[in-house]
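Worksheet: the structure to be examined is printed underneath.
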Amino acid sequence: MAAGIDDIAIYIPRLYIDASDFAVNRGLDPVKLQKGLGVSQMAIVDANQDPACLAANACLQIMQKNKLSPEDIGRLYISTESAFDESKAMNSYVVGMLEQVYGQGAFEHCGGVETKFACVSGSYALYDNTNWIRAGEAEGKYALVVVSDIAKYDMGSSGEMTQGAGAVVMLLNDNPRLLAFDPKVTSTSIKDEYDFYRPFGKETPIVHGQYSNLLYMIQVRKALEAYKKKVLSTGLIKMGDDETILDHMDYINMHLPYSNMGKKALAYLVRHEWRQLPRWKKILSDIEMNEPIPKDPRGTIESVLGDNEFMAKDHEFTKMFTKTPEYQEIYESKLSSSLIASSMIGNLYTASLYLGFRSSLEFEHKKGIDLEGKRIGFGSYGSGSSAMVFSGIVQPNFKDIVGRMDLEAEIGNRRKLTWEEYEELHENKLSPEESMVHTNKEFVLVDVQTEKENRGERRYVFNE
Ligand code: HMG
Numbered sequence: 000m001a002a003g004i005d006d007i008a009i010y011i012p013r014l015y016i017d018a019s020d021f022a023v024n025r026g027l028d029p030v031k032l033q034k035g036l037g038v039s040q041m042a043i044v045d046a047n048q049d050p051a052c053l054a055a056n057a058c059l060q061i062m063q064k065n066k067l068s069p070e071d072i073g074r075l076y077i078s079t080e081s082a083f084d085e086s087k088a089m090n091s092y093v094v095g096m097l098e099q100v101y102g103q104g105a106f107e108h109c110g111g112v113e114t115k116f117a118c119v120s121g122s123y124a125l126y127d128n129t130n131w132i133r134a135g136e137a138e139g140k141y142a143l144v145v146v147s148d149i150a151k152y153d154m155g156s157s158g159e160m161t162q163g164a165g166a167v168v169m170l171l172n173d174n175p176r177l178l179a180f181d182p183k184v185t186s187t188s189i190k191d192e193y194d195f196y197r198p199f200g201k202e203t204p205i206v207h208g209q210y211s212n213l214l215y216m217i218q219v220r221k222a223l224e225a226y227k228k229k230v231l232s233t234g235l236i237k238m239g240d241d242e243t244i245l246d247h248m249d250y251i252n253m254h255l256p257y258s259n260m261g262k263k264a265l266a267y268l269v270r271h272e273w274r275q276l277p278r279w280k281k282i283l284s285d286i287e288m289n290e291p292i293p294k295d296p297r298g299t300i301e302s303v304l305g306d307n308e309f310m311a312k313d314h315e316f317t318k319m320f321t322k323t324p325e326y327q328e329i330y331e332s333k334l335s336s337s338l339i340a341s342s343m344i345g346n347l348y349t350a351s352l353y354l355g356f357r358s359s360l361e362f363e364h365k366k367g368i369d370l371e372g373k374r375i376g377f378g379s380y381g382s383g384s385s386a387m388v389f390s391g392i393v394q395p396n397f398k399d400i401v402g403r404m405d406l407e408a409e410i411g412n413r414r415k416l417t418w419e420e421y422e423e424l425h426e427n428k429l430s431p432e433e434s435m436v437h438t439n440k441e442f443v444l445v446d447v448q449t450e451k452e453n454r455g456e457r458r459y460v461f462n463e
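Numbering (numbering that gives the first Met the number 0), first residue to last: 0 to 463.
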């Protein structure tokens, strides 16, 4: 049975901080953000928004657009790493908000959980819900998988320039208009790591930035190796002698903590995939440099990062490789369109990969490319750490969805924050009633109880 993504919708907060303003106020070169990281703007949540509001707003949008009633939805999963309760799942808050519009009890049949594994958990939720449909358990109902997050780092930390916020919701069924997932090839890799984590009670993560960059690439490569074995053993893809698995993916969507991480990760995967092929000899001869090798090739991530001579040479090699026409062709045709939304919105943690997917569809379609039958590969990564690689095929009715996509319109009119406003919001100095913009037809947070007997209870309203 086919199963996959029938439709996709996004909700992005209406406030943002501009990368140039950010750089000036932090004493950084704006070019580092814009060109070095690929960050132009970062979406910031208002004082009356939390990740549950973002998720509920995205759900309402996709239901209204598709004229769905709660009876049509069999499952509602939320994946997030911005949870504010250790026990009560974010689904319940979202159901509570949606029932303000659809009536009390309207979603009581609709099961689901909140899933957590940093940025990769949404991919696990998608996989599990796809299998619920494949198993015939859905009985004609849809699943909603929502990925919603606020990427917030400590003031003055190097992670602060890679913030963002937003939610993406995917509507899954057995006759998807957009993308059918390839069966029996989803592959994972997992390792106990501390590259990025957020201990109980801490609002912002503890991050080892350069370590996380390298670990991300290693883990995705391992998942890609496992994916390769599965596509060959299931016969999904037949590979010629001078081919790599990446040749069989028309598009490659990567997890995007910042837009240039996609570029970096693609270059890493391509280097590893091409190394055994005749085409690699031509690349080495064109760039007139051999691939550098660390002093301890079997060493740890720390030993590789600490090998300054290797790191400098490897950086130089990567720069030269990414300028070759062969890499440029792959980058432009398979990845670049997925990066556009990320540079305008920033990191969305769980939602980043799917915002990239959404961005790629819209901007490739706008180039006039017929997307029907194209295979899209996904490289999902979550710190802590796990990676997942999977793929799907764009379906014949994709134009019903993609033809109407308009990122600028969907983001809407945004308000640029001043530095003082940004600092006030970052340090949680404003209460919900001091929000900066008034929105219509959206769920917003009204208050969070502080008394002993009901501490943490949240109240939301739908702004008419
Ligand atoms: P940093 O160490 O300050 O930056 O922070 P850098 O020195 O690596 O510079 C970044 C890039 O800008 C480099 O380019 C520089 O060369 C360039 P690259 O070498 O990579 O091509 N650059 C400049 N370019 C032009 N003009 C200049 C200039 N200066 C430098 N003047 C870091 C970067 C990403 C480490 C930091 O922002 C950070 O810690 N971010 C948070 C962690 C993160 O995003 N990690 C990514 C991988 S882990 C992941 O994706 C999981 C995550 O989403 C969480 C989850 O799973 O839940 C984070």
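The beta carbon of each residue, even a glycine, is placed where N, CA and C say it ideally should be.
If I follow the unbroken alpha helix (DSSP H) through residue i, where does it start and stop?
| i | result |
| --- | --- |
| residue 129 | 120 to 133 |
| residue 267 | 258 to 273 |
| residue 38 | Run containing residue 38: none; DSSP gives neither H nor E here. |
| residue 399 | 397 to 401 |
| residue 461 | Looking at the DSSP string, residue 461 is not in any alpha helix (DSSP H); the run it does join, the beta strand (DSSP E), is 457 to 462. |
| residue 216 | 208 to 233 |
| residue 180 | Run containing residue 180: none in the alpha helix (DSSP H); it sits in the beta strand (DSSP E), 178 to 180. |
| residue 60 | 50 to 64 |
| residue 303 | 300 to 305 |
| residue 91 | 89 to 101 |
| residue 280 | 277 to 286 |
| residue 85 | Here residue 85 belongs to no alpha helix (DSSP H), and DSSP marks it neither H nor E. |
| residue 327 | 324 to 329 |
| residue 407 | 406 to 410 |
Could you check if residue i is buried or exposed, using at least 16 other CB atoms within 10 Å of its CB as the buried criterion?
| i | result |
| --- | --- |
| residue 256 | buried |
| residue 199 | exposed |
| residue 238 | exposed |
| residue 161 | buried |
| residue 30 | exposed |
| residue 454 | exposed |
| residue 66 | exposed |
| residue 0 | exposed |
| residue 220 | buried |
| residue 292 | exposed |
| residue 470 | With the chain covering only 0 through 463, there is no way to say anything about residue 470. |
| residue 122 | buried |
| residue 311 | exposed |
| residue 89 | buried |
| residue 227 | buried |
CB-CB under 6 Å to residue i, same chain, minus the five flanking residues each way: which ones, in chain order?
| i | result |
| --- | --- |
| residue 348 | 80, 118, 148 and 150 |
| residue 22 | 29 and 32 |
| residue 389 | 185 and 377 |
| residue 510 | Look at the range of the chain in this structure, 0 to 463, and you will see that residue 510 is not part of it. |
| residue 249 | 373 and 374 |
| residue 157 | 208 |
| residue 299 | none |
| residue 354 | 167, 340 and 347 |
From what residue to what residue does the beta strand (DSSP E) around residue i run?
| i | result |
| --- | --- |
| residue 446 | 441 to 447 |
| residue 143 | 141 to 150 |
| residue 376 | 374 to 381 |
| residue 252 | 250 to 253 |
List the residues that DSSP assigns as beta-bridge partners of residue i.
| i | result |
| --- | --- |
| residue 415 | 15 |
| residue 74 | 110 and 142 |
| residue 171 | 4 and 142 |
| residue 116 | 118 |
| residue 189 | 385 |
| residue 196 | 205 |
| residue 164 | 149 |
| residue 348 | According to DSSP, which records beta bridges pairwise, residue 348 is partnered with nothing at all. |
| residue 9 | 167 |
| residue 30 | Answer by DSSP bridge pairing: none, since residue 30 is not bridged. |
| residue 239 | For residue 239, which the question treats as bridged, DSSP gives no partner whatsoever. |
| residue 392 | 179 and 374 |
In chain order, what residues of the same chain lie with their CB nearer than 7 Å to the CB of residue i, ignoring the 5 residues before and after it?
| i | result |
| --- | --- |
| residue 445 | 431, 458, 459 and 460 |
| residue 60 | 8 and 10 |
| residue 295 | 302 |
| residue 229 | 183, 184 and 186 |
| residue 52 | 442, 443, 444 and 459 |
| residue 304 | 209, 210, 213 and 310 |
Can you name, in chain order, every residue of its own chain whose Cβ lies under 8 Å from the Cβ of residue i, other than the five neighbours on each side?
| i | result |
| --- | --- |
| residue 265 | 251, 253, 329, 330, 333 and 334 |
| residue 343 | 39, 40, 406 and 410 |
| residue 321 | 262, 266, 327 and 330 |
| residue 289 | 283 |
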